[in-house]
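Under this note's numbering, the letters of the sequence shown match residues 65 to 525, in that order. One structure is given here, and the rest of the page talks about it.
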Amino acid sequence: MMLLSEAANAINARLVGADTMFSSVGADSRNILQGQLFVALKGDHFDGHSFANQAILQGATGVLVADETYNVEPALLVKDTYQGLGELAAYWRSKFAIPLAAITGSNGKTTVKEMLASILRATTNNPDQVLATVGNLNNHIGLPLTLLKLRTQHRYAVAEMGMNHSGEISYLSKIGKPTVALINNAGSAHLGELGSFEAIAQAKGEIFDGLAADGTAVINVDDSFASLWQDLVGERKTITFGLKNKADVSASYQLQDSASLLDITTPLGSISARLPTPGLHNVMNALAATAAALAMGAPLAAITKGLEDYAGVKGRLQHLAGLNGAVVIDDSYNANPISIKAAIDVLMAKPGKKIIVLGDMGELGENEAELHAEIGVYAKTAGADALFTLGNLSEGMTKAFNMDNDARATHYLSVSALTADLIKKMQPDTTVLVKGSRFMAMERVVNEITNKAGHYHGENH
Numbered sequence: 065m066m067l068l069s070e071a072a073n074a075i076n077a078r079l080v081g082a083d084t085m086f087s088s089v090g091a092d093s094r095n096i097l098q099g100q101l102f103v104a105l106k107g108d109h110f111d112g113h114s115f116a117n118q119a120i121l122q123g124a125t126g127v128l129v130a131d132e133t134y135n136v137e138p139a140l141l142v143k144d145t146y147q148g149l150g151e152l153a154a155y156w157r158s159k160f161a162i163p164l165a166a167i168t169g170s171n172g173k174t175t176v177k178e179m180l181a182s183i184l185r186a187t188t189n190n191p192d193q194v195l196a197t198v199g200n201l202n203n204h205i206g207l208p209l210t211l212l213k214l215r216t217q218h219r220y221a222v223a224e225m226g227m228n229h230s231g232e233i234s235y236l237s238k239i240g241k242p243t244v245a246l247i248n249n250a251g252s253a254h255l256g257e258l259g260s261f262e263a264i265a266q267a268k269g270e271i272f273d274g275l276a277a278d279g280t281a282v283i284n285v286d287d288s289f290a291s292l293w294q295d296l297v298g299e300r301k302t303i304t305f306g307l308k309n310k311a312d313v314s315a316s317y318q319l320q321d322s323a324s325l326l327d328i329t330t331p332l333g334s335i336s337a338r339l340p341t342p343g344l345h346n347v348m349n350a351l352a353a354t355a356a357a358l359a360m361g362a363p364l365a366a367i368t369k370g371l372e373d374y375a376g377v378k379g380r381l382q383h384l385a386g387l388n389g390a391v392v393i394d395d396s397y398n399a400n401p402i403s404i405k406a407a408i409d410v411l412m413a414k415p416g417k418k419i420i421v422l423g424d425m426g427e428l429g430e431n432e433a434e435l436h437a438e439i440g441v442y443a444k445t446a447g448a449d450a451l452f453t454l455g456n457l458s459e460g461m462t463k464a465f466n467m468d469n470d471a472r473a474t475h476y477l478s479v480s481a482l483t484a485d486l487i488k489k490m491q492p493d494t495t496v497l498v499k500g501s502r503f504m505a506m507e508r509v510v511n512e513i514t515n516k517a518g519h520y521h522g523e524n525h
């Protein structure tokens, strides 16, 4: 609960109208809650100011606006509502002296966030005491709205931080003021915007900009940019994780069809856990979450329980019941070259016939054609029985796969044509992997080739 006058003082806004109290903050006029402060955001194709009056009628007790012409009261008037939202979130965050982990990386940050949140819930034995980013609401809107959900019952917070350009993670980190800041890795995501892997790594390193002097950095020591990040951390405490190089948190492991058996070594001792999601990349994600949890004070027993209770993330290596008795691995949420290769590796560990369905990868810049072709070669070399591709760029995958007069890869421009042919190849001994960048919405394929009854063998990976 906060008075508009307190918020006005915090963000240097002008209060117009009554000094009412608000209990939460929202920016979606379709989901206004009673007693909420509505933030009117303006984009290329929308303007929240148009809904400010409607928000008041729906129960909002105030609006944050940057345009006086809408004449809405009660209102907080600022020059920029995005900046105002960020400043309000930073002010609210400063009221809570609790451990907050900030997580970024080119791959796996949402998975690490969910694994860490699971560990912290095991630590508190009360899920209501842990605040975590919902989904991947990790940008200059989602991160402030997440922080504004902090309440007195919270003992821990986990905030995912993403980016589209350099400077964005620095901005988010300074708002969130993390006590623990983790970089999972640096890869080819956003190569189109930033131009080089070094620039991507530097942008990820901005997460340390808001890390307190007594905070802890968590670094993937196996990443080629680990030394760069260590330099950015400076004298602050560091916990490292990795499988190849000497690290504070490491593991031996056994990969299984739908899980991994881990023996994790930490500075506090060793633990064993069954991680209920497949893939070597998820072993690394578990080590990242373990390192961050240690930095936040979680005991080893809670780390074991949290990893074993990890429920998975929708659209990320979920095993579903497919048509005709086949198994579908839904990894449709997003894609880049590293994550596609990791998913293919998971598929190749399955028995029987293996089919890969891939959509375009975005944000790869001038190397996009080469990187798509590289995936086609990887899929063929790995041993895929067939490759189905969707979209304009993915045709390069098909051509690379079909070199040497191979004809097992087929390119499509429509979901309906692809799924019609794919279903004909689906049998009880078949596993189908579906993956692509977010803008490709590859869940459209998943929806057409799965039984709507639920998850394969009842498990949510």
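For every residue, glycine included, the Cβ atom is placed at its ideal position computed from N, Cα and C. For clarity, every value in this text was computed on a predicted model and none was experimentally measured.
Item                                                                                                                     : Value
Sub-8 Å separation of residue 424 and residue 499 beta-carbons                                                           : no
For residue 383, three-class secondary structure by DSSP                                                                 : strand
Residue from 273, 158 and 169 whose Cα sits closest to the Cα of residue 400                                             : 169
Closest Cα partner of residue 436 within the set 327, 197, 417 and 462                                                   : 462
Alpha-carbon spacing of residue 173 relative to residue 166, whole angstroms                                             : 10 Å
Secondary structure, alpha helix (DSSP H): runs of 4+ residues fully inside the stretch 270-332                          : 290-297
Boundaries of the beta strand (DSSP E) in which residue 450 is found, first to last residue                              : 450-454
Cβ-based neighbour list, residue 75, same chain, cut-off 6 Å, excluding 5 preceding and 5 following                      : 148, 151 and 152
Buried or exposed by the 16-neighbour rule on C-beta atoms within 10 Å, applied to residue 163                           : buried
Terminal residues of the alpha helix (DSSP H) in which residue 118 lies                                                  : 116-121
Close Cβ partners of residue 78 (< 6 Å) along its chain, the five nearest in sequence each way excluded                  : 141
Nonlocal neighbours in the same chain, by C-beta distance under 6 Å from residue 472, ignoring five residues either side : 450
Environment of residue 289 [buried if 16+ CB atoms lie within 10 Å]                                                      : buried
Unbroken beta strand (DSSP E) run spanning residue 503, endpoints                                                        : Taken as a continuous stretch (DSSP letters only), residue 503 belongs to no beta strand (DSSP E), as it is neither H nor E.
Close beta carbons around residue 446, own chain, < 6 Å, minus the five adjacent residues each side                      : 408 and 412
Spatial distance of residue 524 from residue 338 (CA atoms)                                                              : Confidence is the limiting factor: at residue 524 the pLDDT is only 30, short of 50, which leaves the residue's position unreliable and the question unanswerable from this model.
Under 8 Å between C-beta atoms of residue 246 and residue 223                                                            : no
Residue burial classification, residue 356 (beta-carbon count within 10 angstroms, cutoff 16)                            : buried
Through-space distance from residue 420 to residue 236, alpha-carbon basis                                               : 37 Å
Beta-carbon separation (whole angstroms), residue 176 vs residue 248, contact threshold 8 Å                              : 6 Å
Simplified DSSP assignment, three categories, for residue 479                                                            : helix
Pair within 8 Å by beta-carbon distance, residue 458 and residue 486                                                     : no
Euclidean distance between Cα positions of residue 520 and residue 415                                                   : Residue placement at residue 520 is flagged as unreliable, the pLDDT there being 36, under the threshold of 50; a coordinate-derived value is accordingly withheld.
Buried versus exposed, by CB contacts within 10 Å (16 or more), residue 82                                               : exposed
Reduced DSSP secondary structure (H/G/I, E/B, other) of residue 394                                                      : strand
Integer-rounded CB distance, given that residue 352 should sit under 8 Å from residue 282                                : 7 Å
Other residues of its chain near residue 103: CB distance less than 6 Å, five sequence neighbours each side excluded     : 91, 128, 145 and 149
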